[in-house]
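**Student:** Dropping the structure in here first, questions after.
Numbering (the numbering used here), first residue to last: 5 to 312.
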């Protein structure tokens, strides 16, 4: 539908997108981040934790989430001891950045640290590099990080014993049987499958260059595999991940288009009028079908004074 066409997101959580005047044709099937941090703040209050630190990504999402999280924490009588934004720095400055972050965490008496913002492998590696300072702390992980299976798999020491607020997941119909059909023995020319087998099972690929690069980069020995292994047996495929939300987004649009097809006057000769009516009807149907999300009240309450 062009630049002003209908858009459906399966992952966007920014509260800015709630503005229907600015984004009249934008839809999403994930809740606003406000809902997540409302729940998270109440969970922290339940455990009677009143002094916390916040670690976030140094980007727009991190800024917004820190602001929302801080407001909800303050509403629940919880004080923020410090906020650290994990910055993207050059390798030359990496050690100094890690040292500064570690010192801030060690000097604070806050025993609970909340992780929020945008997940990235760089940020995960940064946290893993200073994992020693988390040994006597409780990490509380926000939705973006809790939904990333590889984070927990590759950094078990860092996140062992942490609390995670993870969006609810529901199995997608027939998805397991769909995945089970993917085996390298059935798709020998599929380079994506070959790469997946190489990374997760350390199987030799048909491309010698790929094997050599992987062994050099990760210092791992590769071996021959039968090709009958199943994707569903891999750790990273145990969780539902984003497939549930992607399925809902596609289903939502398909249902709207189906309803439109059943109700449109397909015999009309005025193509311009038909196209205009088509656009309006799709938007109307999407409004009806969109999964309802909770709306947060504006925050306007007394903030207690926080002091250590």
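Note that beta-carbon positions come from the ideal geometry of N, C-alpha and C, so glycine has one too.
Using a threshold of 8 Å, state whether the C-beta atoms of residue 82 and residue 70 are closer than that.
**Tutor:** no
**Student:** Checking 8 Å against the spacing of the C-beta atoms, do residue 33 and residue 170 come in under that value?
**Tutor:** no
**Student:** Please report the distance separating the alpha-carbon of residue 189 from that of residue 231.
**Tutor:** 5 Å
**Student:** Thinking residue 102 and residue 130 are a contact (beta carbons under 8 Å), I'd like their distance in whole angstroms, please.
**Tutor:** 7 Å
**Student:** Please classify residue 144 as buried or exposed, where buried requires at least 16 other C-beta atoms within 10 Å of its C-beta.
**Tutor:** buried
**Student:** Starting from residue 87, follow its DSSP beta bridges and name the residues at the other end.
**Tutor:** 58
**Student:** Do residue 214 and residue 202 have their C-beta atoms closer together than 8 Å?
**Tutor:** yes
**Student:** Classify residue 10 as helix, strand or coil using the three-state DSSP reduction.
**Tutor:** Of the three classes helix, strand and coil, the one that applies to residue 10 here is coil, per DSSP.
**Student:** Quick check on this structure: which residue in 40, 114 and 106 has the alpha carbon closest to the alpha carbon of residue 120?
**Tutor:** 40
**Student:** Mapping the DSSP letters down to three states, classify residue 137 as helix, strand or coil.
**Tutor:** In this structure, residue 137 counts as helix in the three-state DSSP scheme.
**Student:** Give me the Cα-Cα distance between residue 55 and residue 12, rounded to the nearest whole angstrom.
**Tutor:** 38 Å
**Student:** For residue 168 and residue 108, I'd like the C-alpha separation in whole angstroms.
**Tutor:** 23 Å
**Student:** Helix, strand or coil: how does DSSP classify residue 186 here?
**Tutor:** coil
**Student:** Going by DSSP, what residue range makes up the alpha helix (DSSP H) through residue 119?
**Tutor:** Careful: residue 119 lies outside any alpha helix (DSSP H), inside the beta strand (DSSP E) at 116 to 120.
**Student:** Nearest-angstrom Cα distance between residue 262 and residue 255?
**Tutor:** The alpha-carbon atoms of residue 262 and residue 255 are separated by roughly 10 Å.
**Student:** Report buried or exposed for residue 211, applying the criterion of at least 16 other Cβ atoms within 10 angstroms of its Cβ.
**Tutor:** Classification for residue 211: exposed.
**Student:** Taking C-beta to C-beta, are residue 44 and residue 165 nearer than 8 Å?
**Tutor:** no
**Student:** Less than 8 Å between the beta carbons of residue 105 and residue 134, yes or no?
**Tutor:** In this structure, residue 105 places its C-beta atom within 8 Å of the C-beta atom of residue 134.
**Student:** Could you check the C-alpha separation between residue 185 and residue 234 for me, to the nearest Å?
**Tutor:** 8 Å
**Student:** Rounded to the nearest angstrom, what separates residue 14 and residue 51 at their Cα positions?
**Tutor:** C-alpha separation (whole angstroms): 32 Å.
**Student:** May I ask you to list the residues that DSSP assigns as paired with residue 31?
**Tutor:** 12
**Student:** If we ignore side chains and look at the alpha-carbon of each, how far apart do residue 296 and residue 149 end up?
**Tutor:** Confidence at residue 296 is low in this model, with a pLDDT of 39, below 50, so its placement is unreliable and the value that follows should be read with caution. Whole-angstrom Cα-Cα distance: 24 Å.
**Student:** State the start and end residues of the unbroken alpha helix (DSSP H) segment that holds residue 235.
**Tutor:** Where residue 235 is concerned, there is no enclosing alpha helix (DSSP H), given that its DSSP letter is neither H nor E.
**Student:** What's the C-alpha gap between residue 28 and residue 204?
**Tutor:** 42 Å
**Student:** Beta carbon of residue 91, beta carbon of residue 66: below 8 Å?
**Tutor:** no
**Student:** Of all the options 85, 122, 117 and 79, which has the alpha carbon lying nearest to the alpha carbon of residue 37?
**Tutor:** 122
**Student:** Hey, out of 258, 64 and 84, whose CA is closest to residue 53's CA?
**Tutor:** 84
**Student:** Only counting the same chain, and skipping five residues up and downstream in sequence, which positions put a Cβ closer than 8 Å to that of residue 117?
**Tutor:** If we look at residue 117 and ignore the five residues flanking it on each side, its Cβ neighbours are 56, 57, 58, 59, 109, 138, 141, 142, 143 and 144.
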